[in-house]
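Written below as structure tokens is the structure these notes are about.
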Amino acid sequence: MGLFDRHAGLLEAYRDVRTTGYDPFQIRMERVLSPTKAVINGRETLLVGTNNYFGLTFDPSCMEAAIEAIRAEGTGTTGSRIANGSYSEHVMLEKEIAEFYGKKHCMVFTTGYQANLGVISTLAGQGDFLLIDADSHASIYDACKMTQAEVVRFKHNDPASLEARLRRLGDKPGHRVVVLEGIYSMLGDSAPLREFVDVCKKHGAYVLVDEAHSLGSLGEHGRGLCEQAGVLDDCHFVVGTFSKTLGAIGGYCVSDDPDFDILRVTVRAYMFTASLPPSIVASVRQALRVVKARPELRTQLWDNVATLYDGLRAQGFTLGPEHGPVVGVHLPDRTTAIGFWRAMLDAGIYVNVAVPPATPNGVSLLRCSLCAVHTKEQLEHMVEVMTGIGRQFGVIPNQPPMRAAAGR
Amino acid sequence: MRTAHELTVENDGIVDTLIRTQTVSRAEVIAEICAHLEPYRTGEKPIAGDTVIAKDLTIDSLAIMDMVMELEDRFDVSIPMSVIAEIHTVDQLADTIRELRAEG
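Residue numbers (my numbering), protein chains in the order written: chain A, 1 to 408; chain C, 409 to 512.
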């Protein structure tokens, strides 16, 4: 019996994946050229799977801000927020994010994963109840492993399923905390947030929404699904990340709760890790300014979503349920998904491939994520390439089906 | 399957729920679990009370949790994730459901 025996099943599946040629989990970006281009396997490749929704990783103003910060304050803080790692800029970033949401308080974390892990596991404690969507991100599931609260899952995006579980708790003492996501990362679908909020209000439950994939992309000001659904005031906690639309790394949580700051000395994922380096804090602050100043990036992003989603759908691909900055393409099984993924890479297009157990309901997916700075031509070319491969693999018909392209 | 005196239909979209005040026999709960597990059976050996769900069948942990959600709605109970983690056999799952219903 070796230490790794318990992973025998996974090892075997992983070996299967590797026999197809490239290993999707060991892809090297040999050189990143722009938000939408990189050299992979020696070839210039179009990137359509990087969560870089506004393309801000190469925004000159963000890059300059980061470089200046390194010159002024060095490469790292070498300490946590509760020791030597709180600089004026961290505090200013927190103030700016709080203002962006119109909330009173904000805490910044070193990663989005840590924000969810720390906040969720700490908010619900012994005697409380944590209710999570079945398709929740790994960081939410991991928070559930750390909490002393009782955790119950409800069916994905199903307010009635949540309500049944809140009702069953009856008048048991203990807080109820409901965890939702603005946009789900695999299929790009949004929560019916208004309906969820109504259910939570009725049962006196706190609402936490993770806007990791919806910051920037949803809402009139890019605040996310809470803004778009008009329920920002009813969402007690909003969590998000700097590693997608804002083009860097880090996480945050905002709230109006007057005692929110106590989390600074209770959330271990905040207390016992080094704080964000000055360069990241500076580029994120600038990226937030860009998000506020350039709403056209949101428009461009959604135009690109429409080009890809409607284009693929018209060819007969099975996609996630609605338009979203993530477009999930369903494929019948793991082998097809990995073969398809590899064929796309050979044709110069990189997307993510997602296979069980990382996906809901055991589906195999190509996970595409759009960028505001993709061109229409790039995406039309991608639809063409995918159509060719799809026909070759027999996953779409040889002629476009007769229905009109739908979607939201 | 649907008889008015033993099943209630609540909120469109939720499966039929056996409301908690009605007693459910152990055999009934086991039969329901076995029906859910049938697609994951390997070989000829029928699924029974002593079947170890994660080991004797081809079901993965995520599918187990999804099945539990269906059973929760069917029997009007909620099974915390930490409790699910401790359940190994069909019998244990059935007993957990019946105990939670009794607590109701």
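Backbone N, C-alpha and C fix where the C-beta goes; we use that ideal spot for every residue, glycine too. For clarity, every value in this text was computed on a predicted model and none was experimentally measured.
Could you tell me which residues DSSP puts in a beta bridge with residue i?
i, result
"Ala354(A)", "Leu365(A)"
"Val239(A)", "Asp210(A), Cys253(A)"
"Leu130(A)", "Val151(A), Val177(A)"
"Leu453(A)", "With chain A represented from 1 up to 408, any question about residue 453(A) goes unanswered, as that position is not in the structure."
"Met107(A)", "Cys253(A)"
"Ser80(A)", "Ala274(A)"
"Ile183(A)", "Ser190(A)"
Does residue i come out as helix, strand or coil in the three-state DSSP assignment?
i, result
"Glu44(A)", "strand"
"Ala274(A)", "strand"
"Thr335(A)", "helix"
"Met409(C)", "Because Met409(C) carries a pLDDT of 34, less than 50, the predicted location of this residue cannot be relied on, and the following value inherits that uncertainty. Residue state, collapsed to three classes: coil."
"Lys37(A)", "strand"
"Gly74(A)", "coil"
"Ile495(C)", "coil"
"Arg31(A)", "strand"
"Ile427(C)", "coil"
"Ser429(A)", "A question about residue 429(A) goes unanswered here, because the residues of chain A that appear run from 1 up to 408."
"Ile349(A)", "strand"
"Gly394(A)", "coil"
"Leu415(C)", "Low confidence applies here, because Leu415(C) scores a pLDDT of 39, under 50, leaving its location unreliable; read the following figure in that light. DSSP places Leu415(C) in coil when its eight states are reduced to three."
"Val267(A)", "coil"
"Gly421(C)", "Here the model assigns Gly421(C) a pLDDT of 44, short of 50, so the residue's position is not dependable and the matter cannot be decided."
"Val540(C)", "Because chain C spans 409 through 512 in this model, residue 540(C) falls outside it and cannot be assessed."
"Glu220(A)", "coil"
"Ser86(A)", "coil"
"Leu56(A)", "helix"
"Asp198(A)", "helix"
"Leu215(A)", "coil"
Taking residue i as the query, report the chain C residues whose CB atoms sit under 7 Å from its CB, ordered along the chain.
i, result
"Lys155(A)", "Met477"
"Pro357(A)", "Asp468, Leu470"
Thinking just about the alpha-carbon of each residue, which of the options is nearest to the one in residue i?
i, options, result
"Ser88(A)", "Thr111(A), Thr387(A), Ser136(A), Pro278(A)", "Pro278(A)"
"Phe393(A)", "Gly49(A), Cys144(A), Phe340(A)", "Phe340(A)"
"Ala456(C)", "Ile505(C), Asp503(C), Asp499(C), Glu511(C)", "Asp499(C)"
"Gly247(A)", "Asn52(A), Met29(A), Arg43(A), Thr299(A)", "Asn52(A)"
"Tyr101(A)", "Phe25(A), Gly125(A), Val254(A)", "Val254(A)"
"Met382(A)", "Val351(A), Asn361(A), Pro400(A), Pro357(A)", "Val351(A)"
"Leu297(A)", "Gly188(A), Phe54(A), Asp5(A)", "Phe54(A)"
"Arg285(A)", "Arg18(A), Asp23(A), Leu169(A), Leu56(A)", "Leu56(A)"
"His496(C)", "Ala510(C), Asp474(C), Thr425(C), Ser469(C)", "Ser469(C)"
"Glu73(A)", "Pro60(A), Leu3(A), His90(A), Phe58(A)", "His90(A)"
"Asp481(C)", "Val119(A), Asp158(A), Gln26(A)", "Asp158(A)"
"Glu30(A)", "Val177(A), Gln300(A), Thr45(A), Ile70(A)", "Thr45(A)"
"Val119(A)", "Ile70(A), Ser139(A), Gly320(A), Lys103(A)", "Ser139(A)"
"Thr111(A)", "Ile280(A), Asn84(A), Pro60(A)", "Ile280(A)"
"Met271(A)", "Thr122(A), Ile40(A), Asn398(A)", "Thr122(A)"
"Arg391(A)", "Ala372(A), Ala343(A), Ile349(A), Gln378(A)", "Ala343(A)"
Which chain C residues sit within Cβ distance under 9 Å of residue i?
i, result
"Glu150(A)", "Ser486, Pro488, Met489, Ser490, Val491"
"Arg469(A)", "Lying before the first or after the last residue shown, residue 469(A) is absent from chain A, which here runs from 1 to 408."
"Arg334(A)", "What Arg334(A) touches in chain C: nothing, since even the nearest Cβ is about 13 Å away."
Please compile the residues from chain C whose C-beta is within a distance smaller than 8 Å of the C-beta of residue i.
i, result
"Gly362(A)", "Asp468, Leu470, Ala471"
"Cys368(A)", "Result: empty, since nearest Cβ-Cβ is about 23 Å, beyond 8 Å."
"Cys144(A)", "Met489"
"Arg71(A)", "Per Cβ cutoff of 8 Å: no residues; Arg71(A) is ~48 Å from chain C at best."
"Arg28(A)", "Those do not exist, as Arg28(A) stays about 30 Å from chain C at its closest Cβ, beyond 8 Å."
Who are the neighbours of residue i on chain A, taking C-beta pairs under 8 Å?
i, result
"Asp458(C)", "Those within 8 Å of Asp458(C) in chain A number zero; the least Cβ separation is about 23 Å."
"Asp474(C)", "Ala134, Asn361"
Quick one: is the Cβ of residue i within less than 7 Å of any heavy atom of the ligand SAM?
i, result
"Thr359(A)", "The ligand content of the structure shown is nil, which means the ligand SAM is not present either."
Segment contact flag, the stretch 366-386 of chain A with the stretch 312-327 of chain A, C-beta cutoff 8 Å, min 3 pairs: yes
Three CB pairs or more closer than 8 Å across the stretch 182-194 of chain A and the stretch 260-267 of chain A: no
Any 3 or more C-beta pairs closer than 8 Å across the stretch 297-308 of chain A and the stretch 161-174 of chain A: no
Three CB pairs or more closer than 8 Å across the stretch 28-36 of chain A and the stretch 219-234 of chain A: no
Touch test, the stretch 98-113 of chain A against the stretch 186-205 of chain A, Cβ-Cβ under 8 Å, three pairs minimum: no
Validate contact between the stretch 147-158 of chain A and the stretch 481-488 of chain C using beta carbons, cut 8 Å, 3 pairs: yes
Touching by the beta-carbon criterion (3+ pairs, under 8 Å), the stretch 234-250 of chain A and the stretch 197-210 of chain A: yes
Any 3 or more C-beta pairs closer than 8 Å across the stretch 125-137 of chain A and the stretch 435-454 of chain C: no
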